[in-house]
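Heads up, the thing below is written out as structure tokens.
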Amino acid sequence: MRHNVCGKLLLTMMVLVMVSPSWAASGDPSWNYKNQSWAEIKDSISTQPVPLNYPYGTCGIGSSQAPVNITGSASTARLNRPTPRYIPGTPIFYNTGYSVQVNTEEGYLGSVAIGNDIYPLIQFHFHSPSEHTFDGKHFDAELHFVNIREDGKAAVMTSLISVGAFNAEFQKVLDNVPTTAGQKNSTSGVRLNPNLLLPKNRRQFFTYAGSLTTPPCAEGVNFYIFTQPITISSDQLAALKKLYDNNNRNTQPLNGRVLTSAKTGGMGR
Ligand SMILES: [Zn+2]
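Taking the working numbering, the leading residue of the sequence shown gets 20, the next gets one more, and so forth.
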């Protein structure tokens, strides 16, 4: 299966994404959300021949890219529900230069179970407005829980975010993330419970095979998008947007992929 073949590579790239932001003096070339022709970005330092000197080529030629627009025509099936087994931790708050991100600390044991597969939680981050759209419409924001197995297979669980009630757990993220791009806060000691950033009702979700939504856009990432949104207050949304606004990738063609909707749950609690 393709997911396993590219697993190691994907893991390597995800680690690179986490440690090599664009503004760094060396490493991957910079990119931005204004011009999303990421596949055309050439690595000017690299002496590698074409196409290897286009490190984000997958963003353009990949056929299973994310995010996508979700419509009512998704097929319905009984599926294994993603079952979060997250636990509170003392994470690292990271301003990546592209988003507000929370990295789990070393030794963190929280994970998500999908069928017999266990995916440890590596980090979660925010996009605003949402990356996935529903009949073309955005939610106010979207939270991506990035869960990666040792073999590199990844499952991204998504909480859609609407303006509504104040979210105390999200406020901890806002209060502790550095305001300067590239900086990490690993000494806050703040205890954060990722479960409190998931919707209570997780029986309805959409799933499909996608990709990282940032360069290098590596594929082999399964998305699980819960339809019940979580809420943050309008002040909290404004604070998030003050850090990063419009950090959403445009929706990508499905190219024959099937979006599956689970409405009745299935396995899992
Ligand atoms: Zn994301």
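Ideal placement from N, C-alpha and C gives every residue a C-beta, glycine not left out.
Neighbourhood of ligand 1 [Cβ distance below 6 Å to any heavy atom], ordered by chain position
H144, H146, H163 and T232
Residues sharing a beta bridge with N241, DSSP
A174 and A228
Identify whether I89 lies in helix, strand or coil by the three-state DSSP scheme.
strand
Nearest neighbour of L211, chosen from G79, F189, Y75 and D159 [CA to CA]:
F189
In the structure shown, what three-state DSSP assignment does K191 receive?
helix
Buried versus exposed call for G275 [16 or more other C-beta atoms within 10 Å across all chains shown]:
Residue environment: G275 is assigned as exposed (fewer than 16 neighbouring CB atoms within 10 Å of its CB, all protein chains considered).
Inter-residue Cα distance where the pair is D159 and E125
31 Å
Relative to the C-alpha of Y117, which residue among I64, Q142 and Y52 is closest?
Y52
Looking at the strands, I want to know which residues DSSP matches up with P14.
Beyond the ends of the chain as shown, which are 20 and 288, falls residue 14; an answer cannot be given.
Measure the CB-CB distance between L140 and T123 and report whether it falls below 7 Å.
yes
Buried versus exposed, by CB contacts within 10 Å (16 or more), G76
Flag for G76 reads buried.
Give me, in chain order, the residues of the same chain whose beta-carbon lies closer than 6 Å to that of V175; leave out the 5 immediate sequence neighbours on both sides.
H163, V165, V240 and F242
Using 10 angstroms around the beta-carbon of E59, count the other beta-carbons present and answer buried if the total reaches 16, otherwise exposed.
exposed
DSSP three-state label for N114, please.
strand
State the start and end residues of the unbroken alpha helix (DSSP H) segment that holds T77.
T77 to I80
In terms of residues, what are the limits of the beta strand (DSSP E) holding S253?
Taken as a continuous stretch (DSSP letters only), S253 belongs to no beta strand (DSSP E), being part of the alpha helix (DSSP H) at S253 to L262.
Y162: first and last residue of the uninterrupted beta strand (DSSP E) it sits in:
The displayed chain sequence assigns Leu, not Tyr, to residue 162. Run containing L162: A160 to I167, per the beta strand (DSSP E) assignment.
If you compare alpha carbons, which of G108, L71 and P86 is closest to T206?
G108
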